[in-house]
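Below: one structure, written as structure tokens.
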Amino acid sequence: MSRVESVQQAFRETFGMAPEGCWQAPGRVNLIGEHTDYNQGFVLPFAIDRQAVVALRRRADGRVRLASAHPASKPVAGRVADAGAARGWSAYLLGVVWALQQRGVEVPGFDLFVDSTVPTGAGLSSSAALESATALALNELLQAGLSREELVLVGQHAENDVVGAPTGILDQSASLLSEAGHAVFLDCRSRESEPVPLDLPGAGLVILVVDTKVSHAHADGGYADRRASCERAAAALGIAALRDLEPADLPRAERLLDQETFRRARHIVTENARVLETVSVLRSAGPGEIGGILDRSHRSMRDDFEISSPELDLAVATAQANGALGARMTGGGFGGSAIALVREPDAGKVGAAVEAVFRTAGLAAPDVFEVLPGPGAQRLV
Ligand code: GAF
Numbered sequence: 001m002s003r004v005e006s007v008q009q010a011f012r013e014t015f016g017m018a019p020e021g022c023w024q025a026p027g028r029v030n031l032i033g034e035h036t037d038y039n040q041g042f043v044l045p046f047a048i049d050r051q052a053v054v055a056l057r058r059r060a061d062g063r064v065r066l067a068s069a070h071p072a073s074k075p076v077a078g079r080v081a082d083a084g085a086a087r088g089w090s091a092y093l094l095g096v097v098w099a100l101q102q103r104g105v106e107v108p109g110f111d112l113f114v115d116s117t118v119p120t121g122a123g124l125s126s127s128a129a130l131e132s133a134t135a136l137a138l139n140e141l142l143q144a145g146l147s148r149e150e151l152v153l154v155g156q157h158a159e160n161d162v163v164g165a166p167t168g169i170l171d172q173s174a175s176l177l178s179e180a181g182h183a184v185f186l187d188c189r190s191r192e193s194e195p196v197p198l199d200l201p202g203a204g205l206v207i208l209v210v211d212t213k214v215s216h217a218h219a220d221g222g223y224a225d226r227r228a229s230c231e232r233a234a235a236a237l238g239i240a241a242l243r244d245l246e247p248a249d250l251p252r253a254e255r256l257l258d259q260e261t262f263r264r265a266r267h268i269v270t271e272n273a274r275v276l277e278t279v280s281v282l283r284s285a286g287p288g289e290i291g292g293i294l295d296r297s298h299r300s301m302r303d304d305f306e307i308s309s310p311e312l313d314l315a316v317a318t319a320q321a322n323g324a325l326g327a328r329m330t331g332g333g334f335g336g337s338a339i340a341l342v343r344e345p346d347a348g349k350v351g352a353a354v355e356a357v358f359r360t361a362g363l364a365a366p367d368v369f370e371v372l373p374g375p376g377a378q379r380l381v
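Numbering (full-length UniProt numbering), first residue to last: 1 to 381.
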């Protein structure tokens, strides 16, 4: 049975009727451009070949029933009118309902079953996958007529105001705007995006994800603290956002900011430059030449932005020492996943080396797997 058939069947068993349709939305790997989104800068994520699939059927009575294939996500029932007060796993889905309502979309009620293969807490945007699949499904069934760019903001609004995490637009953009075989180059100020070819198989390369199993949560303090530092730096420098700081302005910024705030700002400035460099190298020379940029990005997150963790540093250093062309942590940080760009024949060796070093260090076994740039969110049936 295909995945979509099993989600349809689970819907029928749970709610006693067939769904009106099924939609998928992927998680993402951010190739480069970390914490630059809320600084109105540049990001370069790609959708991975792991998705949340939702099956949905409208109801006319203002009630909502949610169920999940994930055993820890217990069924939830309530009223669409209370969507903004949702807590726990349902906040991602009902947060979308609330954000749609804020835009004047009338949501009559619905039953929804979800099954996701995006690991939770791994820094691969399992939450954006849930939000994007729900947003796309409701937009289509209710004929709300919102563009994908507007649905990105619906997901962000849900995350910021219902889930309570002060995140930017990176994750929902990756999920909703990606194309298979490409990364999405997104200018978070203009919100313009364009696909950039990322043909890994054609170049004989793979990207390995190392999920350190050290969970992260953006509603916790570290992410908000970094965001506040960036906003403080921009205010002290008299600019709208750190996007407006050029590498040539760094000496002046160093004179005006305290050392820690300066290092935070320097990460954003150099990371924006690295995104542009990566886009240019991908277009001119292909993915085999971007490894050094990924390495520099990791050092900047480790030393200047200080969002890495001992487990992420160990995964990155071990991958680099065992032949990876480049490696970096990906996502918000403080745990989650690292990525390593490796030649296809080296993938087994790199993965085994990371697993062995975690074992020797007495750490929880990491989950190491390959990802491919997959399609963005879409209707399946
Ligand atoms: C998380 C956030 F959700 C994104 O908006 C982004 O800031 C990212 O961390 C860091 O680049 O995934």
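Every residue, glycine too, gets a C-beta built ideally from N, C-alpha and C.
What number of angstroms, rounded off, separates the C-alpha of residue i from the C-alpha of residue j?
i	j	result
residue 408	Asn-30	Look at the range of the chain in this structure, 1 to 381, and you will see that residue 408 is not part of it.
Glu-179	Leu-256	42 Å
Gly-374	Arg-252	42 Å
Ala-133	Gln-259	42 Å
Arg-57	His-157	24 Å
Gly-109	Arg-226	38 Å
residue 382	Ser-284	Since the first residue shown for the chain is 1 and the last is 381, residue 382 is missing from the structure and cannot be characterised.
Val-368	Ile-48	14 Å
Thr-36	Gly-221	18 Å
Ala-77	Pro-71	16 Å
Lys-74	Thr-360	37 Å
Lys-349	Cys-230	39 Å
Cys-22	Val-4	7 Å
Ser-297	Arg-59	48 Å
Ala-228	Asp-115	35 Å
Ser-68	Leu-142	22 Å
Pro-247	Ala-236	17 Å
Pro-287	Val-281	8 Å
Leu-153	Leu-325	35 Å
Ile-307	Gly-16	46 Å
Can you pull the DSSP bridge partners for residue i?
i	result
Ala-180	Ala-180 is not bridged to any residue.
Met-329	Ala-338
Glu-194	Phe-185
Ser-68	Val-114
Arg-63	Arg-79
Arg-343	Leu-205
Val-210	Ala-338 and Val-368
Gln-378	Gln-24
So residue i is in the alpha helix (DSSP H); what residue range does that whole segment cover?
i	result
Cys-230	221-237
Thr-8	Here residue 8 turns out to be Gln, not Thr, going by the sequence shown. Looking at the DSSP string, the run of the alpha helix (DSSP H) that includes Gln-8 is 3-15.
Gly-27	Gly-27 -> not in any alpha helix (DSSP H); beta strand (DSSP E) instead, spanning 21-32.
Ala-201	Note on identity: in this sequence residue 201 is Pro, with Ala being the wrong assignment. First-last for Pro-201: undefined, no H or E at that position.
Pro-251	250-256
Gly-95	90-102
Leu-242	Leu-242 -> no alpha helix (DSSP H), and no H or E assigned at all.
Glu-306	First-last for Glu-306: undefined, no H or E at that position.
For the beta strand (DSSP E) containing residue i, list its first residue and its last residue.
i	result
residue 382	No answer is possible for residue 382: it lies beyond the span of the chain, which begins at 1 and ends at 381.
Arg-79	76-79
Phe-262	Taken as a continuous stretch (DSSP letters only), Phe-262 belongs to no beta strand (DSSP E), being part of the alpha helix (DSSP H) at 259-284.
Asp-303	Asp-303 -> not in any beta strand (DSSP E); alpha helix (DSSP H) instead, spanning 291-303.
Glu-370	367-371
Pro-108	Per DSSP, Pro-108 belongs to no beta strand (DSSP E) and is neither H nor E.
Pro-45	42-58
Please find out if some non-hydrogen atom of the ligand GTP comes closer than 7 Å to the beta-carbon of residue i.
i	result
Asp-171	By its list of ligands, the structure shown excludes the ligand GTP, since it contains just the ligand GAF.
For this session: Evaluate the contact criterion for the stretch 269-285 versus the stretch 35-53: three or more CB pairs, one atom per stretch, below 8 Å.
Result: Segments in contact, yes.
Exercise. Is it a yes or a no for the stretch 195-215 touching the stretch 150-164, going by three-plus beta-carbon pairs under 8 Å?
Worked result: Short answer: they don't touch.
For this session: Please go through the stretch 147-181 and give each complete alpha helix (DSSP H) segment of 4 or more residues, from N-terminal end onward.
Result: Taking only runs of at least 4 residues, the alpha helix (DSSP H) segments lying wholly in the stretch 147-181 are 148-158 and 170-177.
Exercise. Do the stretch 7-15 and the stretch 329-342 make contact, defined as three or more Cβ pairs closer than 8 Å?
Worked result: Pairwise C-beta distances place the stretch 7-15 out of contact with the stretch 329-342, as fewer than three of them are shorter than 8 Å.
Problem set entry | the stretch 301-309 contacting the stretch 69-84, beta-carbon criterion three pairs below 8 Å | Contact fails: fewer than three Cβ-Cβ distances are below 8 Å.
Exercise. If you pair each beta-carbon of the stretch 163-181 with each one of the stretch 19-29, do three or more pairs fall below 8 Å?
Worked result: The stretch 163-181 is in contact with the stretch 19-29.
Exercise. Contact between the stretch 114-127 and the stretch 135-154: three or more CB pairs below 8 Å?
Worked result: Contact fails: fewer than three Cβ-Cβ distances are below 8 Å.
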